[in-house]
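Q: Have a look at this one.
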Amino acid sequence: MTATTIVRGLPPGPPLRMLQLIRYVRDPYAMLRGYARRYGDLFTVRTARVCVMTGRPDFVKQIVTASVDQFDAIHEPGPARVLGLHGTTRMAGRALRRDRRLLVPHFQGEALNVLGGMIREAAIEAFAGFRPGETIVVREPAIAVALDIILRTVFGADTPERRQEFRTAVRAFSKGFGNAPFMLLTALKFDNDELPPYRRFGAARRRLEDLLQDAMRRARATSADGDGGPPSVLSRVVAARYDDGTAMSDEAIRDNMITALIAGHETSVVSLCWGLYWLHREPRYLQMLLDELAPLGPDADPMAWGRLPFLDAVIKETLRLWPVVTDINRKLAQPMQLGTYELPAGTNIAASSAILHYDPDLYPDGETFRPERFLERRFGPHEYLPFGGGERMCPGSHFSVYELKIVLATLLTRWRYTLLDEGTMRVKRMGAMMTPATGVRLRLDGARW
Ligand code: HEM
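Structure, rendered in structure tokens:
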């Protein structure tokens, strides 16, 4: 028997940093799968930072099941400026676990059920203005739907005026960090508040913080009165207590809500675009879904939509085929052995859904949209990674799947469409996300039933 040699140092990877950066920005899916084919299960990528990447299921399992003390928070000035210093993205270890235990339940389970009606309303509002024969670039109304849903259900903006105030503030905020000068400064790790792009962004963030502070004040007043509609995520978090009876600080609530806004907005837009694209590209699956939806009708109880197995499989397959977040990143606080490599503390590592979701043993015929694969077998958390995993897994995973189900069911039970995009859909980067290049173009054909 031969003893395995442990290698101390980083696994191999491509040499040219600038080329990797360009490839990552243009198409991380193709880049990551290409490197996995060339370098194997574990390879090192050098983009804005040096990172060891894998999509091999047992390595992914090691990463997502590691103890809470295995990882440090990743500190980078750009994201800190956008997401703030007090939210969970800046935490690690026991502190991270404590804050997530307070936050995450309010994005899940019972808390979600009551929000279904609001989600349907937002979807109808955004799509009702289109006339038969008109072309819908899905991305545009999808942005309005996703933002509206977060404003209503997470921030508790319950009147059109309040939503409009938030919309204006969110637009300025997103413009502030989504422009080239801001991104260039953060990529070069310049960290001076007086630089004009940072100053402009700072003013936009303060405006959003003020609105959030006001929303917190209202949430406290409403929960004291016990009046009003279904409680928003914000009002539940404001009322929540740690085990020792204390509340989360206003700064932490504010930063966590801003993070939810950024993390939960564009991700839902892109996923809805892909869902509508694939269903119209593969009409037999659209028909199977319509057959499942028909008995419940367009005004079904949203919770009943939430329980439909084929609708669930369609969403899962959409998120498998084009995972919006291609890799989940961690920084080692302690050394970790992955395969034959002993990676030192301080190493950046990432588990890549873009590779894992195309593993031929898990997903035969992985390039094909085939929702029934999720009815034929169950996948473990290390085999399916659209929402990441472990102590940092997306707190909005239940929320966004529920949202996607209701929005898809609402749009498909009310209206009929024809896909106008032909051939293979290319992907294009918009800010941090890769999106279908055309935004997905549908012609509205008329009412469904
Ligand atoms: C289809 C929609 C979505 C996808 C694909 C998605 C995916 C992800 C992924 C992959 C992560 C990183 C997880 C990790 O590192 O293990 C993440 C983090 C996060 N997501 Fe989502 N997400 C979605 C929607 C949402 C929604 C709707 C919300 C909230 C309303 C949300 C809130 C967050 C937050 C706050 C984090 C940061 C968690 C932390 O580091 O503490 N996401 N998301």
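Residue numbering for the sequence shown follows this note's numbering, beginning at 178 and increasing consecutively. Note that CB positions come from ideal geometry on N, CA and C, so glycine has one too.
Check each candidate in C228, D218, Y206, T181 and name the one with the smallest Cα separation from D192.
A: Note on identity: in this sequence residue 192 is Pro, with Asp being the wrong assignment. It is C228.
Q: Grab the span of the beta strand (DSSP E) containing R555 for me, first residue to last.
A: No beta strand (DSSP E) holds R555; DSSP gives it neither H nor E.
Q: State the beta-bridge partners of S529 as determined by DSSP.
A: Paired residue(s): D504.
Q: Touching or not, the region 391 to 401 and the region 278 to 290, by the rule of three or more beta carbon pairs under 8 Å?
A: Taking 8 Å as the limit for Cβ pairs, the verdict is that the region 278 to 290 does not touch the region 391 to 401.
Q: What number of angstroms, rounded off, separates the C-alpha of E560 from the C-alpha of V237?
A: When rounded, the distance between both Cα atoms is 8 Å.
Q: Specify whether the region 294 to 304 and the region 458 to 473 touch according to this definition: at least 3 beta carbon pairs, one from each stretch, less than 8 Å apart.
A: With the cut-off at 8 Å, the region 294 to 304 and the region 458 to 473 do not touch.
Q: Out of G310, I532, Y454, which one is the CA nearest neighbour of T495?
A: Minimum Cα distance to T495 is reached at Y454.
Q: Assuming the contact rule is C-beta atoms closer than 8 Å, V584 and V322 should be a hit. Round their C-beta distance to whole Å, please.
A: Their Cβ separation, rounded to whole angstroms, is 6 Å, which keeps V584 and V322 in contact under 8 Å.
Q: Could you have a look at Q514 and say whether DSSP puts it in helix, strand or coil?
A: In this structure, Q514 counts as strand in the three-state DSSP scheme.
Q: If we call anything under 9 Å between Cβ atoms a contact, is Y579 one with R620?
A: No.
Q: Could you tell me whether the region 361 to 378 touches the region 241 to 257, using the rule of 3 or more Cβ pairs below 8 Å?
A: Flag = yes, the region 361 to 378 and the region 241 to 257 touch.
Q: In whole angstroms, what is the alpha-carbon distance linking A417 and Q390?
A: Whole-angstrom Cα-Cα distance: 17 Å.
Q: Identify whether E519 lies in helix, strand or coil by the three-state DSSP scheme.
A: If DSSP states are grouped into helix, strand and coil, E519 belongs with the strands.
Q: Taking one C-beta from the region 526 to 542 and one from the region 260 to 268 each time, how about it: are there three or more such pairs within less than 8 Å?
A: No, they do not touch.
Q: What does DSSP give as the partner residue(s) for A624 in the beta ladder?
A: In DSSP, A624 forms a bridge with W592.
Q: For G543 and A349, what's the separation of their Cα atoms in angstroms?
A: Going by the C-alpha atoms only, they are around 40 Å apart.
Q: Could you round the C-beta distance between I327 and H442 to whole angstroms and report it? I think they count as a contact, below 8 Å.
A: Yes, they are in contact, since the Cβ atoms of I327 and H442 sit about 6 Å apart, within 8 Å.
Q: Rounded to a whole number of angstroms, what is the C-alpha to C-alpha distance between E629 and T345?
A: Beyond the ends of the chain as shown, which are 178 and 626, falls residue 629; an answer cannot be given.
Q: Put C450 into one of helix, strand or coil per three-state DSSP.
A: Correct three-state label for C450: helix.
Q: Quick check: the Cα distance between D421 and R274, rounded to an integer number of angstroms?
A: Each residue's alpha carbon lies about 15 Å from the other.
Q: Just curious, the beta strand (DSSP E) that F220 is in, first and last residue?
A: Per DSSP, F220 belongs to the beta strand (DSSP E) from 220 to 223.
Q: With distances taken between CB atoms, is the gap from S409 to T330 smaller than 9 Å?
A: Cβ distance < 9 Å, so S409 and T330 count as in contact.
Q: Based on the DSSP secondary-structure assignment, which residues constitute the bridge partners of K605?
A: Answer by DSSP bridge pairing, in chain order: T612.
Q: Assuming P309 contacts G623 under a Cβ cut-off of 8 Å, what Cβ separation, rounded to an integer in Å, is found between them?
A: That pair is a contact at about 5 Å.
Q: Among T587, R413, K508, which one has its Cα closest to the Cα of Q285?
A: Here the closest residue by C-alpha is R413.
Q: Note down the Cα distance separating L388 from R339, rounded to an integer number of angstroms.
A: So the two alpha carbons sit approximately 9 Å from each other.
Q: Between the C-alpha atoms of L280 and M570, what's the straight-line distance to the nearest angstrom?
A: Rounded to the nearest angstrom, the two C-alpha atoms are 13 Å apart.
Q: Taking all protein chains shown into account, do 16 or more other C-beta atoms lie within 10 angstroms of the C-beta of D432, making it buried, or fewer, making it exposed?
A: By the 10 Å Cβ count, D432 comes out buried.
Q: Measure the beta-carbon distance from S445 to L581 and round it to whole angstroms, keeping in mind my assumption that it falls under 8 Å.
A: The Cβ separation is near 7 Å, so the contact holds.
Q: Along the chain, which unbroken stretches of the beta strand (DSSP E) at least 3 residues long are found entirely within the region 209 to 281?
A: Listed in chain order, the complete beta strand (DSSP E) runs (minimum 3 residues) inside the region 209 to 281 are 220 to 223, 227 to 231.
Q: Under 8 Å: do the region 499 to 517 and the region 472 to 484 share three or more Cβ pairs, one atom per stretch?
A: Taking 8 Å as the limit for Cβ pairs, the verdict is that the region 472 to 484 does not touch the region 499 to 517.
Q: Smallest Cα separation from T224: which of A586, R194, A477, P189?
A: Nearest of A586, R194, A477, P189 to T224, Cα basis: R194.
Q: Excluding the five sequence neighbours on either side, which residues of its own chain have a C-beta within less than 8 Å of the C-beta of L187, listed in chain order?
A: T221, V227, V229, Y518, L520, T524.
Q: From the DSSP secondary-structure annotation, give me the bridge partner or partners of I313.
A: According to DSSP, which records beta bridges pairwise, I313 is partnered with L619.
Q: Mind checking W626: buried by the 16 CB within 10 Å criterion, or exposed?
A: Result: exposed.
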